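Participant: Numbering (my numbering) for the sequence shown: 17 to 287.
Quick reminder that beta carbons are idealized off the backbone N, C-alpha and C, glycines included.
Only a predicted model underlies this, so the values are computations on that prediction, with no experimental measurement involved.
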Amino acid sequence: MKELTSVNNPVVKDAADLKQKKNRAEQNAFLVEGLRSVEEAVSYGTVRQLFVLAAAKTPDEARMQAIVGQAAAAGADLYSVSEQVMKKIADTETPQALTAVVTKQTSSLDELTALGGTILVLDRIGDPGNLGTMIRTADAAGVSGVVLLSGCTDAFAPKAVRSTMGSLLHIPVAEGVSEDDFISWAEGSGYQLLATCLEGAGNLYQTDLQGRVAVVIGSEASGVSDSLLAAAAKKVFIPMEGRAESLNAAVAAGVVLFECLRQRVAGNGKL
Numbered sequence: 017m018k019e020l021t022s023v024n025n026p027v028v029k030d031a032a033d034l035k036q037k038k039n040r041a042e043q044n045a046f047l048v049e050g051l052r053s054v055e056e057a058v059s060y061g062t063v064r065q066l067f068v069l070a071a072a073k074t075p076d077e078a079r080m081q082a083i084v085g086q087a088a089a090a091g092a093d094l095y096s097v098s099e100q101v102m103k104k105i106a107d108t109e110t111p112q113a114l115t116a117v118v119t120k121q122t123s124s125l126d127e128l129t130a131l132g133g134t135i136l137v138l139d140r141i142g143d144p145g146n147l148g149t150m151i152r153t154a155d156a157a158g159v160s161g162v163v164l165l166s167g168c169t170d171a172f173a174p175k176a177v178r179s180t181m182g183s184l185l186h187i188p189v190a191e192g193v194s195e196d197d198f199i200s201w202a203e204g205s206g207y208q209l210l211a212t213c214l215e216g217a218g219n220l221y222q223t224d225l226q227g228r229v230a231v232v233i234g235s236e237a238s239g240v241s242d243s244l245l246a247a248a249a250k251k252v253f254i255p256m257e258g259r260a261e262s263l264n265a266a267v268a269a270g271v272v273l274f275e276c277l278r279q280r281v282a283g284n285g286k287l
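1. Pairing CB atoms from the segment 204-222 with CB atoms from the segment 175-190, are three or more of them under 8 Å?
2. If alanine 113 and serine 96 are in contact, beta carbons under 8 Å, what's the gap, nearest whole angstrom?
3. Around the Cβ of glutamate 49, are there at least 16 other Cβ atoms within 10 angstroms (buried) or fewer (exposed)?
4. By how many angstroms is the C-alpha of glycine 91 removed from the C-alpha of valine 23?
5. Pick out the complete beta strand (DSSP E) segments inside the segment 87-124, 3 residues or longer, and give them in chain order.
6. Out of Tyr221, Ala246, Pro174, which one is the CA nearest neighbour of glutamine 208?
7. Under a three-way DSSP split, which group does alanine 176 fall into?
8. With respect to the beta strand (DSSP E) encompassing arginine 40, which residues constitute its N-terminal and C-terminal limits?
9. Go through the segment 46-78 residue by residue and report every complete run of the alpha helix (DSSP H) that reaches 4 residues or more, in order.
10. Quick check on the DSSP output: what are the complete alpha helix (DSSP H) runs of length 4 or more inside the segment 126-210, in order along the chain?
11. Would you grab the beta carbon distance between lysine 175 and glycine 148 for me? Rounded to a whole angstrom, and I think it's under 8 Å.
12. Quick one, are the C-beta atoms of alanine 130 and valine 54 less than 8 Å apart?
13. Using the beta-carbon count (16 or more within 10 Å), is asparagine 264 buried or exposed?
14. Could you please give the first and the last residue of the uninterrupted beta strand (DSSP E) stretch that includes leucine 20?
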């Protein structure tokens with residue numbers, strides 16, 4: 017394991033640059049921080065570099081060493097770094113013991129076609145925490161894939177990555193897709209668009225959500241776009257009894273996706 021103590025080292029600077037979207041695109045890589053998330057990255061992704069905080073004290077030392085060993089066996093470059101260097105690389109104020117540089121893995125719409133089932137479509141979601149939470153929820157609900165339409169925040173931004181808790185490495189994600197391309201693909205692939213809205217919408221719990229369904233969750237501020245609403249075969253609202261005017265976008269996505277899961281389970285008699 018090589019030792020890095022200078023924040024001006026080119027390796028350190030390249031890793032720190034991944035906090036910016038343009039550099040993630042240029043390097044085709046992103047940062048993953050923390051024991052659990054790095055463990056997922058080593059198991060399900062391609063870790064290029066692993067930075068280990070020197071003399072880090074963790075109650076799970078054996079687990080950390082197993083992660084380091086697995087990364088080494090997979091060909092990752094290993095670096096022991098000072099606290100100053102880790103703070104330079106990591107996005108969080110208090111860096112954890114492990115930070116990894118991981119190769120970005122994205123999917124095309126064509127690759128999603130063969131998967132079938134439910135997909136989650138995000139329309140101009142601006143908050144990285146919300147976006148990451150929705151990817152994590154989609155993974156938990158057994159969704160086949162996630163489509164990020166043009167105008168969404170970057171799923172590979174550090175805050176979004178942390179919010180996915182590793183799910184970004186489990187579920188296919190297609191990013192930067194235009195509305196027109198998505199609508200055309202959905203029609204050609206037999207997907208029904210299901211949009212959440214209020215006007216002209218039916219009760220979520222009285223709507224058939226089985227088969228190829230593309231659940232569209234719209235912008236936190238303005239909801240689903242007019243063109244997507246016009247293309248939607250089904251529109252649903254989530255019944256609410258309290259005085260709240262609306263739900264957080266990530267919460268709404270969770271309610272709809274788990275109703276999709278409930279109907280799938282009811283349809284085939286097993287989870």
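Facilitator: On the basis of the supplied data:
1. Touching, no.
2. The Cβ separation is near 11 Å, so there is no contact.
3. buried
4. 24 Å
5. 93-97, 114-119
6. Ala246
7. helix
8. Careful: arginine 40 lies outside any beta strand (DSSP E), inside the alpha helix (DSSP H) at 37-43.
9. Within the segment 46-78, the complete alpha helix (DSSP H) runs of at least 4 residues are 51-60.
10. 144-156, 174-180, 195-205
11. 7 Å
12. no
13. exposed
14. Counting along the chain, the beta strand (DSSP E) containing leucine 20 begins and ends at 18-20.
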